[in-house]
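For the record, the sequence lines run as chains A and B.
For the record, in the first sequence the residue sitting at position 167 is 167 according to this note's numbering, with numbers rising by one throughout.
In this note's numbering, each number is its position in the second sequence, counted from 1, plus 1000.
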Amino acid sequence: MTTTRRRILKGMGATTAGVLAAPYLIRTAFAQSKELNVWSYSGFITDDFKGKFEADTGITVNIRPVTDQGEQFNLMVAENGNHSADIVCCAGHRFYQFVDKDLLAPIDLGKLKNWNRIDDSIANAKWVSRRDQVWGVPIVLVSTGLLYNKDATSSPPESWDVMFDEANVGKTTYQIQDFYQIAMNYLGFDGSAASYMDDPQKAQEAVDKTRDFLIQHKDKVRRYYDAATEIQQMFVNGDVDFAQAGSGPAAQIIQEGFSAGYTIPKEGGLAYAYGFNITNGAKNPDNAYLFLDALLSSPENGAAIVKSTGYSSTIKGTDDLLDDAQREALGLTPEETARLSWVDVETAPFIYDLIDKAAEEIRAA
Amino acid sequence: MTRFLVLARRFGPYRAFSDALSMHPGLRYGLVAVLPVLWIVVANIAPLARMVLISFYESFPLPPGETPTLTLAQYQAFFERPLYLTAFARTFIFAALATALTLFVIFPIAYYISKVVPRDKRLRLLLLAIAPFWISEIIRSFAWILMLANRGAVNSFLMWMGLTGRPVELLYNNISLTIGVLYLTSLYMLLPLYAALEKIDDRLIEAASDLGALRFTILRRIIMPLSREGIITGCVLVFLLVTGLYALPQLLGGPSNTLFASIVGQVFSRAGDSWPLGSAFSVILMGVSLAFVAIFMALFQSRRTRA
C-alpha cells in the first residue's frame, strides 16, 4: 500500500474526528455506567431508599411504573432483546412466562451478599426457581383473600359463598384471572392444575365449568377490576361489600380506618411473591446487583415497603419494625395462613393459558 | 426572498431542478404531495398493514431468524367462540344507539348556538360548550365516578331530598356508560352540526315561516336536508369512536356491558403469543366498522343523488 498525501489527510481527518468525539463517547459510556433503569410497581422503591442509594453510589435510578404483568411482558418482547430496563418487577405466579421467553437473566447469588437476609422459607422456596436456577429476588409477599365490609355482614365470612350469594347482587368485585383458581377450588376442582397435568381434556373441562359458573353469577359482580387501587375506590364509594383482594390493598384500606376485614376463607386462597428480576442482556448489570444488594441490606427498607404497599416484606427482621396497627392489618391467623396455597410455578403455564382465554370469554359474555 | 432565489439560480443543480419543475407540472404536484403521502403511509397505513400481517401469523413475536407460519386460525377463533360474538354484536348495537342518542341530544344545542344565539356571541358559547374537552377523557371519567357512585353526589342529593332511602345503582352499568359516552362524543357531533347549520341562510327559514310552515315542517323540509352533511359527518365520527372505545368502558362500564375493544385490549395485555389473535380481532372490528360506515354513506349518497 503506497502512502499518498490524500491518504495521510484522510487519516488525519479521521483521527481529528475521533479526538473531537472522544469527550462525547467517554461521557456517554460514563453516563451509562452511572444509570439504572427499573420498571417497578408503585411503592416498591421508596423515595427515601432511592435517594440514599443515589447519594451513596452516584448511580441515577430511573423508575418506570408497572401496572400490569401482561403489559410489562409485551413491552419487553417488543424490545426484542434490546431491553431498556435493567431490572423489572415480575409476579411470582407469572415470572415463568418471562423466563420461558428468555427475557430474564438468572440471578448470580455470588454477587448478592445480602441474599441470606431474605427469610429462609422464601429464599429456599420451590417457587423462587425454575429450571434449577433463581430468576429473581423476592421483595414482597402477597396473599389473595376475601376483603369484606364489616358493616355489611354480622360476622366475618368463613366461605367464598358470599361472592355468589343472591343477597349480594351487584356487591362483589374480583380480578378474573386472580380469582379463577380460587373459584376452581371452591367448585371442587384442582385450581393449581397439578392433578390435570397428564389430562389436558380434564383441565379444560374444569376451566370451562368454572367459566360457566362465573358467568352464571355475573349479576353478583359490580365490576371486574384490573388494578388494586380500584378495590379501595369501590369500597370507599360504597359500591361493593365483598372483594377478592390482595393483602396489600386490603391492609391499606384497613389501616386507613375503613370498617373492613380481611380473611382467607375455608376453601383457601393463593400466595405468591413480587420480585425484582434482572433482564437478559441488561446494560447495567453491576448496578442492578448493587441496587438489589442495597435493598436487601436492611429491614428498615422492608418496613418502608410495607408502609407504602401494605404487602409483607421478605426481609428478615422487618416485622420487629412495624407498629401494632400495621402488624394487625397484615396479620393472618395460623388457620388462615394454612389455607394459603403457593402458586406452583411448574403447572402455572399450563393452567394460566386456559384461564386467560376463559377470562376474556367471561368479560365478553 | 427574491434576492435569495436569484442567488440560488446561479447554482447549476438548483437551476436544473427549478427548470424541471417549471416544465413538468406533474413533478410539482408530486413534490407537494410527497410529504402528506409519506406521513399517511408511515403513520397510518404501515402500522395497519403490519397488524394485518401479524393477524395471519401463527405466533408472534418470533425469535430472530425464524420464518413466520401463516394461518387463518386467529380468525377461526373469533367464530368458534360464541362469547366473543356476543361482545361484538353488543358493541355495534351500543354504537348505533349511542350515535342516535348523541344526535338527538346535540342537534338542538348545535341549532341553538348557530341560529338562536346572536352572531357575535356564538363563538364564545361554542368555546364554552367544548371547554370540558380541554381536560383528558380519563379525568372526566373519574369525575363521573365521583358523581354516580353509591356515596357520590347524585345519590347523596337523592337521599337528602328523601327521594330514595338507599343508593340507586348508577355506576358500572349501562346508565354510567351511556352518560360517559354521550359526554365524550358530544364534541364530535357538535362541531360538524354547528358548521352545517351555520351555513343555512336564515332568510330561507324566515321565508318558510312567513309562508305559514309549521316549525316541525321547517325542521323536516329545510333544516334537516340542508344540514345533512353535518349529520352524516357527526354520525360517522361518533359511530367509529364508540366502536373503538377502550378506556371509558373500562372505567364506567360494568361486567355485562363490555365492548369489543376492551376484549381486544385484554387479549393484547395477555402475556404470551396473543398478538396474532389481538390483531385478528382488531382487523375484524375495523373491517366491520368501516363496512357499516360505507353502507351508511352509500345510503346517504343515493338519497342525495335522488334529491
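We treat Cβ as the ideally placed atom computed from N, Cα and C, and that holds for glycine.
Looking only at C-alpha atoms, which of the options sits nearest to residue i?
{"i": "Gln97(A)", "options": "Ala364(A), Ala359(A), Tyr352(A) and Lys357(A)", "result": "Tyr352(A)"}
{"i": "Glu1198(B)", "options": "Leu1123(B), Gly1265(B) and Phe1133(B)", "result": "Leu1123(B)"}
{"i": "Ala78(A)", "options": "Thr1086(B), Pro1064(B) and Thr1091(B)", "result": "Pro1064(B)"}
{"i": "Ser263(A)", "options": "Glu328(A), Asp47(A) and Asp86(A)", "result": "A small correction: the amino acid at residue 263(A) is Thr; Ser does not occupy that position in the sequence shown. Of the candidates Glu328(A), Asp47(A) and Asp86(A), the one whose C-alpha sits nearest the C-alpha of Thr263(A) is Glu328(A)."}
{"i": "Glu230(A)", "options": "Ile1045(B), Leu1146(B), Val1037(B) and Leu1128(B)", "result": "Leu1146(B)"}
{"i": "Val446(A)", "options": "Leu321(A), Ser297(A) and Ala294(A)", "result": "An answer regarding residue 446(A) cannot be provided, because it is not within the stretch 1 to 365 covered by chain A."}
{"i": "Ser84(A)", "options": "Asp208(A), Phe164(A), Ala152(A) and Gly281(A)", "result": "Gly281(A)"}
{"i": "Ala227(A)", "options": "Gly238(A), Ala245(A) and Asp239(A)", "result": "Ala245(A)"}
{"i": "Pro1249(B)", "options": "Phe1216(B), Phe1094(B), Leu1035(B) and Leu1062(B)", "result": "Phe1094(B)"}
{"i": "Val128(A)", "options": "Asp119(A), Pro138(A) and Asp120(A)", "result": "Pro138(A)"}
{"i": "Thr279(A)", "options": "Ser341(A), Thr57(A), Gly317(A) and Asp100(A)", "result": "Asp100(A)"}
{"i": "Val345(A)", "options": "Ala194(A), Leu36(A) and Glu158(A)", "result": "Ala194(A)"}
{"i": "Leu1245(B)", "options": "Val1034(B), Ser1282(B), Leu1299(B) and Val1042(B)", "result": "Ser1282(B)"}
{"i": "Lys34(A)", "options": "Val134(A), Ala55(A) and Val140(A)", "result": "Ala55(A)"}
{"i": "Ala1049(B)", "options": "Val1293(B), Tyr1183(B) and Ala1280(B)", "result": "Ala1280(B)"}
{"i": "Tyr1075(B)", "options": "Met1286(B), Ala1298(B) and Leu1277(B)", "result": "Leu1277(B)"}
{"i": "Asn284(A)", "options": "Asn124(A), Asp319(A) and Asn62(A)", "result": "Asn62(A)"}
{"i": "Ala358(A)", "options": "Phe53(A), Phe179(A) and Ser298(A)", "result": "Phe179(A)"}
{"i": "Ala1110(B)", "options": "Leu1193(B), Ala1020(B), Leu1211(B) and Tyr1029(B)", "result": "Leu1193(B)"}
{"i": "Ile1130(B)", "options": "Val1267(B), Ile1054(B), Ile1200(B) and Tyr1188(B)", "result": "Tyr1188(B)"}
{"i": "Phe1260(B)", "options": "Thr1185(B), Ala1089(B) and Tyr1014(B)", "result": "Ala1089(B)"}
Kindly list, in the order they appear in chain A, the residues whose Cβ is closer than 7 angstroms to that of residue i.
{"i": "Leu1083(B)", "result": "Glu361, Ala364 and Ala365"}
{"i": "Ala1087(B)", "result": "Ala364"}
{"i": "Ile1263(B)", "result": "Glu360, Arg363 and Ala364"}
{"i": "Ser1136(B)", "result": "Neighbours of Ser1136(B) on chain A: none; closest Cβ ~17 angstroms, over 7 angstroms."}
{"i": "Ser1256(B)", "result": "Lys218"}
{"i": "Leu1171(B)", "result": "Asp239"}
Note the first and the last residue of the continuous alpha helix (DSSP H) segment covering residue i.
{"i": "Asn1155(B)", "result": "Ala1153 to Trp1160"}
{"i": "Glu1137(B)", "result": "Glu1137 to Leu1148"}
{"i": "Ala243(A)", "result": "It is not in any alpha helix (DSSP H) - Ala243(A) instead sits in the beta strand (DSSP E) that spans Phe242 to Gly246."}
{"i": "Ser259(A)", "result": "Ser259(A) -> no alpha helix (DSSP H), and no H or E assigned at all."}
{"i": "Glu35(A)", "result": "Looking at the DSSP string, Glu35(A) is not in any alpha helix (DSSP H); the run it does join, the beta strand (DSSP E), is Glu35 to Ser40."}
{"i": "Val1236(B)", "result": "Arg1228 to Thr1243"}
{"i": "Trp342(A)", "result": "Careful: Trp342(A) lies outside any alpha helix (DSSP H), inside the beta strand (DSSP E) at Leu340 to Trp342."}
{"i": "Thr1071(B)", "result": "Counting along the chain, Thr1071(B) falls outside any alpha helix (DSSP H), and DSSP gives it neither H nor E."}
{"i": "Tyr1183(B)", "result": "Asn1174 to Lys1199"}
{"i": "Tyr1029(B)", "result": "Pro1025 to Trp1039"}
{"i": "Phe1260(B)", "result": "Phe1260 to Ser1269"}
{"i": "Lys370(A)", "result": "Only positions 1 to 365 of chain A appear in this structure, which leaves residue 370(A) out of reach."}
{"i": "Glu360(A)", "result": "Ala348 to Ala364"}
{"i": "Ile1130(B)", "result": "Arg1119 to Ile1130"}
{"i": "Val1006(B)", "result": "Thr1002 to Ala1008"}
{"i": "Arg327(A)", "result": "Asp324 to Leu330"}
{"i": "Ile264(A)", "result": "Unbroken run through Ile264(A): none, as it is neither H nor E."}
{"i": "Ala1046(B)", "result": "Ala1046 to Ser1055"}
Strictly below 7 angstroms CB to CB, what residues from chain B border residue i?
{"i": "Phe73(A)", "result": "Ala1271"}
{"i": "Tyr224(A)", "result": "Pro1255"}
{"i": "Val221(A)", "result": "Pro1255"}
{"i": "Gln97(A)", "result": "Ala1271 and Gly1272"}
{"i": "Arg64(A)", "result": "Within chain B, no residue comes near Arg64(A); the closest Cβ sits about 17 angstroms away, beyond 7 angstroms."}
{"i": "Arg94(A)", "result": "Ala1271"}
{"i": "Gly275(A)", "result": "Simply none; closest approach about 16 angstroms."}
Pop quiz: residue i and residue j are said to be a contact at Cβ under 8 angstroms. What is the actual Cβ separation, rounded to whole angstroms?
{"i": "Thr173(A)", "j": "Ala243(A)", "result": "5 angstroms"}
{"i": "Gly269(A)", "j": "Thr144(A)", "result": "5 angstroms"}
{"i": "Ile87(A)", "j": "Phe291(A)", "result": "7 angstroms"}
{"i": "Leu187(A)", "j": "Phe213(A)", "result": "6 angstroms"}
{"i": "Ser1274(B)", "j": "Thr1243(B)", "result": "Ser1274(B) to Thr1243(B), Cβ: 21 angstroms. No contact."}
{"i": "Val169(A)", "j": "Lys220(A)", "result": "6 angstroms"}
{"i": "Leu1251(B)", "j": "Ser1141(B)", "result": "4 angstroms"}
Find the residues of chain B that neighbour residue i, judging by a C-beta separation of less than 8 angstroms, and give them in chain order.
{"i": "Asp353(A)", "result": "Gly1272"}
{"i": "Asp212(A)", "result": "Within 8 angstroms Cβ-Cβ: nothing; Asp212(A) doesn't reach chain B, min ~10 angstroms."}
Run through chain B and tell me which residues come within less than 9 angstroms of residue i, C-beta to C-beta.
{"i": "Gly70(A)", "result": "Gln1266, Phe1268, Ser1269, Arg1270, Ala1271, Gly1272 and Ser1274"}
{"i": "Thr131(A)", "result": "Per the sequence shown, the amino acid found at residue 131(A) is Arg instead of Thr. None at all; the shortest Cβ gap to chain B is about 18 angstroms."}
Name the chain A residues that come within less than 9 angstroms of residue i, Cβ to Cβ?
{"i": "Arg1151(B)", "result": "Val236, Asn237, Gly238 and Asp239"}
{"i": "Pro1167(B)", "result": "Gly238 and Asp239"}
In the DSSP assignment, find the beta strand (DSSP E) that holds residue i and state where it starts and stops.
{"i": "Thr1091(B)", "result": "Note, Thr1091(B): premise wrong, no beta strand (DSSP E); alpha helix (DSSP H) at Pro1082 to Tyr1111."}
{"i": "Thr172(A)", "result": "Thr172 to Tyr174"}
Along chain A, which residues have their Cβ under 8 angstroms away from the Cβ of residue i?
{"i": "Pro1061(B)", "result": "Val77, Ala78 and Asn80"}
Any beta-carbon of chain D closer than 8 angstroms to the one on residue i?
{"i": "Gly281(A)", "result": "The structure shown has no chain D; the protein chains it does contain are A and B."}
Fill in: Any alpha helix (DSSP H) of 4 or more consecutive residues that is wholly inside the stretch 269-310 of chain A
285-296 and 299-309
Fill in: Complete runs of the alpha helix (DSSP H) confined to the stretch 66-147 of chain A [at least 4 residues]
Those alpha helix (DSSP H) runs which fall completely within the stretch 66-147 of chain A and span 4+ residues are 69-78, 95-100 and 120-123.
Worksheet entry | Contained alpha helix (DSSP H) runs [length at least 4] in the stretch 188-222 of chain A, N- to C-terminal order | Taking 4 residues as the minimum length, the alpha helix (DSSP H) runs contained wholly in the stretch 188-222 of chain A are 200-216, in order along the chain.
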